[in-house]
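Residue numbers (our numbering): 406 to 694.
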(Lines of atoms letter the chains of each structure in order from A and count residues from 1; the text may use other names and numbers.)
(Lines give C-alpha, C1' and ligand atoms only; values in the text may rest on other atoms or scores of the structure.)
Protein backbone atom coordinates (compact mmCIF):
# COMPACT_ATOMS: atom_id res chain seq x y z
CA UNK A 1 0.00 0.00 0.00
CA UNK A 2 1.34 3.42 -1.02
CA UNK A 3 2.18 5.87 1.76
CA UNK A 4 -0.14 8.89 1.81
CA UNK A 5 1.48 12.32 1.32
CA UNK A 6 0.36 13.33 4.84
CA UNK A 7 1.98 10.26 6.38
CA UNK A 8 5.12 10.78 4.30
CA UNK A 9 5.49 14.36 5.49
CA UNK A 10 5.11 13.23 9.10
CA UNK A 11 7.89 10.71 8.46
CA UNK A 12 10.06 13.50 7.08
CA UNK A 13 9.70 15.57 10.26
CA UNK A 14 10.47 12.49 12.35
CA UNK A 15 13.53 11.83 10.18
CA UNK A 16 14.76 15.40 10.69
CA UNK A 17 14.49 15.00 14.47
CA UNK A 18 16.41 11.73 14.24
CA UNK A 19 19.01 13.28 11.93
CA UNK A 20 19.54 15.93 14.61
CA UNK A 21 19.68 13.56 17.60
CA UNK A 22 21.93 10.78 16.30
CA UNK A 23 25.11 12.90 15.97
CA UNK A 24 24.42 14.42 19.40
CA UNK A 25 24.19 11.00 21.08
CA UNK A 26 27.03 9.62 18.97
CA UNK A 27 29.38 12.36 20.15
CA UNK A 28 28.28 11.77 23.74
CA UNK A 29 28.90 8.02 23.44
CA UNK A 30 32.42 8.56 22.08
CA UNK A 31 33.24 11.07 24.80
CA UNK A 32 32.22 8.66 27.57
CA UNK A 33 33.36 5.45 25.86
CA UNK A 34 29.86 4.06 25.55
CA UNK A 35 28.19 2.09 22.78
CA UNK A 36 25.13 3.64 21.10
CA UNK A 37 22.55 1.01 20.17
CA UNK A 38 19.86 2.06 17.70
CA UNK A 39 17.89 0.79 14.71
CA UNK A 40 20.19 -0.97 12.26
CA UNK A 41 22.23 -4.11 11.76
CA UNK A 42 24.24 -5.37 14.73
CA UNK A 43 25.99 -8.77 14.72
CA UNK A 44 24.99 -9.67 18.29
CA UNK A 45 21.26 -9.54 17.57
CA UNK A 46 18.77 -10.65 14.96
CA UNK A 47 17.11 -8.14 12.67
CA UNK A 48 17.42 -4.38 12.56
CA UNK A 49 15.41 -3.40 15.63
CA UNK A 50 17.00 -2.07 18.82
CA UNK A 51 15.24 -4.64 20.97
CA UNK A 52 15.68 -5.18 24.71
CA UNK A 53 13.94 -7.76 26.89
CA UNK A 54 12.57 -7.08 30.38
CA UNK A 55 12.55 -9.38 33.43
CA UNK A 56 9.19 -10.83 32.37
CA UNK A 57 10.55 -11.90 28.99
CA UNK A 58 8.73 -9.14 27.07
CA UNK A 59 10.59 -7.52 24.17
CA UNK A 60 10.61 -3.74 23.72
CA UNK A 61 11.69 -2.00 20.52
CA UNK A 62 13.54 1.18 21.45
CA UNK A 63 15.05 4.19 19.71
CA UNK A 64 18.39 4.62 21.50
CA UNK A 65 20.25 2.79 24.26
CA UNK A 66 23.65 3.80 25.62
CA UNK A 67 25.64 0.82 26.88
CA UNK A 68 28.72 0.50 29.02
CA UNK A 69 30.95 -2.32 27.74
CA UNK A 70 28.91 -2.81 24.58
CA UNK A 71 30.37 -3.57 21.15
CA UNK A 72 28.83 -4.51 17.80
CA UNK A 73 29.34 -8.16 18.80
CA UNK A 74 28.34 -7.94 22.47
CA UNK A 75 25.45 -6.29 24.28
CA UNK A 76 26.69 -4.20 27.19
CA UNK A 77 25.05 -2.91 30.38
CA UNK A 78 22.42 -0.22 29.63
CA UNK A 79 23.11 3.14 31.26
CA UNK A 80 20.51 5.19 29.34
CA UNK A 81 17.24 4.57 27.50
CA UNK A 82 16.15 7.43 25.22
CA UNK A 83 12.97 7.57 23.14
CA UNK A 84 11.98 10.11 20.46
CA UNK A 85 8.56 11.01 19.08
CA UNK A 86 6.84 13.48 16.77
CA UNK A 87 3.11 14.18 17.12
CA UNK A 88 1.04 16.88 15.42
CA UNK A 89 -2.18 16.71 17.40
CA UNK A 90 -2.97 17.05 21.10
CA UNK A 91 -5.28 14.03 21.01
CA UNK A 92 -2.30 11.77 20.25
CA UNK A 93 0.18 13.15 22.76
CA UNK A 94 -1.10 11.42 25.90
CA UNK A 95 -1.21 8.05 24.13
CA UNK A 96 2.36 8.49 22.91
CA UNK A 97 3.55 9.40 26.39
CA UNK A 98 1.90 6.24 27.72
CA UNK A 99 3.49 4.22 24.92
CA UNK A 100 6.94 5.51 25.86
CA UNK A 101 6.21 4.80 29.51
CA UNK A 102 5.11 1.25 28.68
CA UNK A 103 8.30 0.54 26.75
CA UNK A 104 10.79 2.00 29.22
CA UNK A 105 9.47 1.48 32.76
CA UNK A 106 9.65 -2.36 32.64
CA UNK A 107 13.29 -2.05 31.54
CA UNK A 108 14.03 0.45 34.31
CA UNK A 109 12.68 -2.13 36.74
CA UNK A 110 14.71 -4.89 35.10
CA UNK A 111 17.94 -2.87 35.40
CA UNK A 112 17.01 -1.08 38.64
CA UNK A 113 20.30 -2.12 40.27
CA UNK A 114 22.17 0.17 37.85
CA UNK A 115 19.53 2.95 37.82
CA UNK A 116 19.76 3.89 34.12
CA UNK A 117 18.98 7.37 32.80
CA UNK A 118 15.64 7.66 30.99
CA UNK A 119 14.99 10.41 28.47
CA UNK A 120 12.36 11.47 25.96
CA UNK A 121 12.98 13.81 23.02
CA UNK A 122 9.58 15.02 21.82
CA UNK A 123 8.69 17.26 18.89
CA UNK A 124 5.38 18.72 17.81
CA UNK A 125 2.29 19.06 19.99
CA UNK A 126 2.40 17.52 23.46
CA UNK A 127 0.16 18.65 26.29
CA UNK A 128 1.59 19.82 29.60
CA UNK A 129 -0.14 16.82 31.13
CA UNK A 130 1.73 14.42 28.86
CA UNK A 131 5.06 16.13 29.56
CA UNK A 132 4.38 16.18 33.31
CA UNK A 133 3.43 12.50 33.24
CA UNK A 134 6.83 11.54 31.85
CA UNK A 135 8.71 13.90 34.17
CA UNK A 136 6.91 12.43 37.20
CA UNK A 137 8.20 8.99 36.22
CA UNK A 138 11.82 10.17 36.20
CA UNK A 139 12.18 11.02 32.51
CA UNK A 140 14.35 13.94 31.45
CA UNK A 141 12.34 15.55 28.64
CA UNK A 142 13.66 17.62 25.73
CA UNK A 143 10.68 19.27 24.01
CA UNK A 144 10.78 20.88 20.55
CA UNK A 145 7.35 22.55 20.10
CA UNK A 146 5.37 22.46 16.85
CA UNK A 147 5.86 26.21 16.39
CA UNK A 148 9.62 25.74 16.43
CA UNK A 149 9.40 22.99 13.82
CA UNK A 150 7.33 25.25 11.55
CA UNK A 151 9.67 28.23 12.03
CA UNK A 152 12.88 26.28 11.33
CA UNK A 153 11.46 24.41 8.32
CA UNK A 154 10.33 27.79 6.97
CA UNK A 155 13.95 28.99 6.88
CA UNK A 156 14.64 26.21 4.39
CA UNK A 157 11.69 27.04 2.19
CA UNK A 158 9.30 24.42 3.56
CA UNK A 159 5.87 25.36 4.85
CA UNK A 160 5.57 22.73 7.61
CA UNK A 161 2.28 24.03 9.03
CA UNK A 162 -0.69 21.75 8.46
CA UNK A 163 -3.99 20.65 9.98
CA UNK A 164 -6.65 18.02 9.55
CA UNK A 165 -8.09 19.90 6.57
CA UNK A 166 -4.77 20.10 4.65
CA UNK A 167 -5.15 18.50 1.22
CA UNK A 168 -2.99 15.73 -0.23
CA UNK A 169 -1.89 18.16 -2.95
CA UNK A 170 -0.52 20.56 -0.33
CA UNK A 171 1.29 17.71 1.43
CA UNK A 172 2.78 16.60 -1.89
CA UNK A 173 4.21 20.10 -2.38
CA UNK A 174 5.76 20.04 1.10
CA UNK A 175 7.29 16.62 0.47
CA UNK A 176 8.62 17.69 -2.93
CA UNK A 177 10.35 20.78 -1.51
CA UNK A 178 12.06 18.72 1.20
CA UNK A 179 13.14 15.98 -1.19
CA UNK A 180 14.67 18.63 -3.47
CA UNK A 181 17.04 19.70 -0.67
CA UNK A 182 20.63 18.56 -0.96
CA UNK A 183 22.08 16.24 1.69
CA UNK A 184 23.96 19.15 3.23
CA UNK A 185 20.83 21.29 3.40
CA UNK A 186 18.97 18.46 5.15
CA UNK A 187 21.76 18.21 7.70
CA UNK A 188 21.63 21.97 8.12
CA UNK A 189 17.89 21.80 8.78
CA UNK A 190 18.43 19.19 11.49
CA UNK A 191 21.17 21.24 13.12
CA UNK A 192 19.03 24.39 13.01
CA UNK A 193 16.19 22.62 14.81
CA UNK A 194 18.44 21.77 17.76
CA UNK A 195 20.11 25.20 17.71
CA UNK A 196 16.67 26.79 18.06
CA UNK A 197 16.51 25.19 21.53
CA UNK A 198 20.21 25.04 22.32
CA UNK A 199 19.71 25.85 26.02
CA UNK A 200 17.20 23.00 26.41
CA UNK A 201 19.49 20.63 24.48
CA UNK A 202 22.42 21.56 26.73
CA UNK A 203 20.29 20.95 29.84
CA UNK A 204 19.27 17.51 28.53
CA UNK A 205 22.89 16.54 27.86
CA UNK A 206 23.98 17.83 31.27
CA UNK A 207 21.33 15.68 32.92
CA UNK A 208 22.50 12.68 30.92
CA UNK A 209 26.13 13.41 31.78
CA UNK A 210 25.33 13.79 35.48
CA UNK A 211 23.74 10.34 35.46
CA UNK A 212 26.52 8.68 33.49
CA UNK A 213 29.42 10.29 35.37
CA UNK A 214 27.87 10.20 38.86
CA UNK A 215 30.35 10.08 41.73
CA UNK A 216 30.18 7.31 44.29
CA UNK A 217 29.69 8.58 47.85
CA UNK A 218 29.15 5.45 49.93
CA UNK A 219 28.26 1.76 49.92
CA UNK A 220 26.34 0.48 52.94
CA UNK A 221 26.53 -3.29 53.47
CA UNK A 222 23.97 -4.97 55.72
CA UNK A 223 24.42 -8.72 56.35
CA UNK A 224 21.13 -9.83 57.95
CA UNK A 225 21.11 -12.76 60.38
CA UNK A 226 18.41 -14.83 62.03
CA UNK A 227 14.81 -15.48 61.10
CA UNK A 228 12.13 -13.00 60.16
CA UNK A 229 9.33 -12.44 62.70
CA UNK A 230 5.91 -11.51 61.28
CA UNK A 231 3.64 -9.61 63.66
CA UNK A 232 -0.11 -9.20 63.20
CA UNK A 233 -0.42 -5.95 65.16
CA UNK A 234 1.63 -2.93 66.21
CA UNK A 235 1.45 -4.01 69.84
CA UNK A 236 2.83 -7.44 68.98
CA UNK A 237 5.67 -5.86 66.94
CA UNK A 238 6.58 -3.54 69.81
CA UNK A 239 6.54 -6.47 72.23
CA UNK A 240 8.88 -8.44 69.98
CA UNK A 241 11.39 -5.59 69.77
CA UNK A 242 11.30 -5.09 73.54
CA UNK A 243 12.11 -8.74 74.09
CA UNK A 244 14.63 -9.01 71.26
CA UNK A 245 18.29 -9.48 72.16
CA UNK A 246 21.41 -9.33 69.97
CA UNK A 247 21.89 -12.33 67.71
CA UNK A 248 24.36 -14.91 68.95
CA UNK A 249 27.54 -15.42 66.92
CA UNK A 250 27.78 -17.98 64.10
CA UNK A 251 24.18 -17.63 62.92
CA UNK A 252 23.93 -18.10 59.15
CA UNK A 253 23.42 -14.99 57.01
CA UNK A 254 19.81 -14.68 55.91
CA UNK A 255 20.55 -12.21 53.11
CA UNK A 256 22.77 -9.28 52.12
CA UNK A 257 21.36 -5.81 51.58
CA UNK A 258 23.41 -3.20 49.73
CA UNK A 259 22.67 0.53 49.57
CA UNK A 260 24.73 2.66 47.17
CA UNK A 261 24.62 6.46 47.27
CA UNK A 262 25.91 8.80 44.56
CA UNK A 263 26.73 12.50 44.61
CA UNK A 264 23.87 13.36 42.21
CA UNK A 265 21.27 12.04 44.66
CA UNK A 266 20.83 8.62 43.04
CA UNK A 267 20.36 5.79 45.48
CA UNK A 268 20.39 2.10 44.56
CA UNK A 269 19.16 -0.63 46.89
CA UNK A 270 19.74 -4.32 46.18
CA UNK A 271 19.11 -7.54 48.11
CA UNK A 272 20.95 -10.85 47.59
CA UNK A 273 20.46 -14.27 49.10
CA UNK A 274 24.11 -15.28 48.97
CA UNK A 275 27.50 -13.62 49.22
CA UNK A 276 28.85 -14.66 45.81
CA UNK A 277 25.93 -13.10 43.95
CA UNK A 278 26.40 -9.86 45.92
CA UNK A 279 30.11 -9.86 45.04
CA UNK A 280 29.37 -10.43 41.35
CA UNK A 281 26.89 -7.56 41.40
CA UNK A 282 29.39 -5.14 42.94
CA UNK A 283 32.12 -6.19 40.51
CA UNK A 284 29.68 -5.62 37.67
CA UNK A 285 29.14 -2.06 38.87
CA UNK A 286 32.86 -1.40 39.19
CA UNK A 287 33.26 0.02 35.70
CA UNK A 288 30.47 2.50 36.40
CA UNK A 289 31.83 3.65 39.75
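Every residue gets a Cβ at the ideal spot worked out from N, C-alpha and C, and that includes glycine. Here the structure is a predicted model, which means the values were calculated and not measured.
Query	Result
Per DSSP, what kind of secondary structure is residue 438 in: helix, strand or coil?	coil
In its own chain, which residues sit with a C-beta less than 8 Å from the C-beta of residue 524, not counting the 5 before and 5 after it?	485, 486, 487, 488, 544, 545, 546, 547, 609, 612 and 613
Would you mind stating whether residue 528 and residue 422 have Cβ atoms separated by less than 7 Å?	yes
Any contact between the region 579-589 and the region 561-570? By contact I mean 3 or more CB pairs, one from each, below 8 Å.	yes
Which one of 662, 552, 517 and 573 has the shortest CA to CA distance from residue 412?	573
By DSSP, does residue 609 sit in helix, in strand, or in coil?	helix
For the alpha helix (DSSP H) that contains residue 497, what are its first and last residues?	495-515
Excluding five sequence neighbours on each side, which residues of the same chain lie with their C-beta closer than 6 Å to the C-beta of residue 437?	617
Using only the alpha-carbon positions, how far apart do residue 452 and residue 541 sit?	34 Å
Do you know offhand how far residue 679's Cα is from residue 589's?	57 Å
Compare the C-alpha of residue 435 against each of 463, 455, 473 and 467 and name the closest.	473
Determine the direct distance from the alpha carbon of residue 505 to that of residue 694, and round the result to whole angstroms.	Low per-residue confidence applies at residue 694: pLDDT is 43, beneath 50, and the placement is therefore not dependable enough to give any value.
Which residues mark the beginning and the end of the beta strand (DSSP E) in which residue 469 is found?	469-473
Is the beta carbon of residue 495 sitting closer than 7 Å to the one on residue 458?	no
For a test of the three-state rule: what should DSSP assign to residue 693, helix, strand or coil?	Low per-residue confidence applies at residue 693: pLDDT is 47, beneath 50, and the placement is therefore not dependable, though the value from the model is reported in the following sentence. Helix at residue 693.
So what does residue 476 bridge to, in DSSP terms?	479
Since residue 502 contacts residue 467 with CB under 8 Å, what's their CB separation in whole angstroms?	Not a contact, Cβ separation roughly 16 Å.
Do you know offhand how far residue 455's Cα is from residue 469's?	7 Å
Report the CB separation of residue 477 from residue 517 in whole angstroms; it is logged as a contact under 8 Å.	At roughly 27 Å, the Cβ-Cβ gap does not stay under 8 Å, so residue 477 and residue 517 are not in contact.
Can you tell me whether DSSP reads residue 530 as helix, strand or coil?	coil
Helix, strand or coil for residue 678, going by three-state DSSP, please let me know.	coil
Among the candidates 408, 619, 498 and 629, whose CA atom is the shortest distance from the CA of residue 657?	629
Going by CA-CA distance only, name the one from 625, 634, 684 and 660 that's closest to residue 667.	625
Could you spell out where the beta strand (DSSP E) holding residue 456 opens and where it closes?	455-458
Among 592, 669 and 567, which one has its Cα closest to the Cα of residue 414?	567
How many whole angstroms separate the CB atoms of residue 557 and residue 601, which I take to be in contact at a CB cut-off of 8 Å?	5 Å
Nearest by alpha-carbon distance to residue 419: which of 462, 491, 410 and 661 is it?	491
Determine the direct distance from the alpha carbon of residue 471 to that of residue 483, and round the result to whole angstroms.	6 Å
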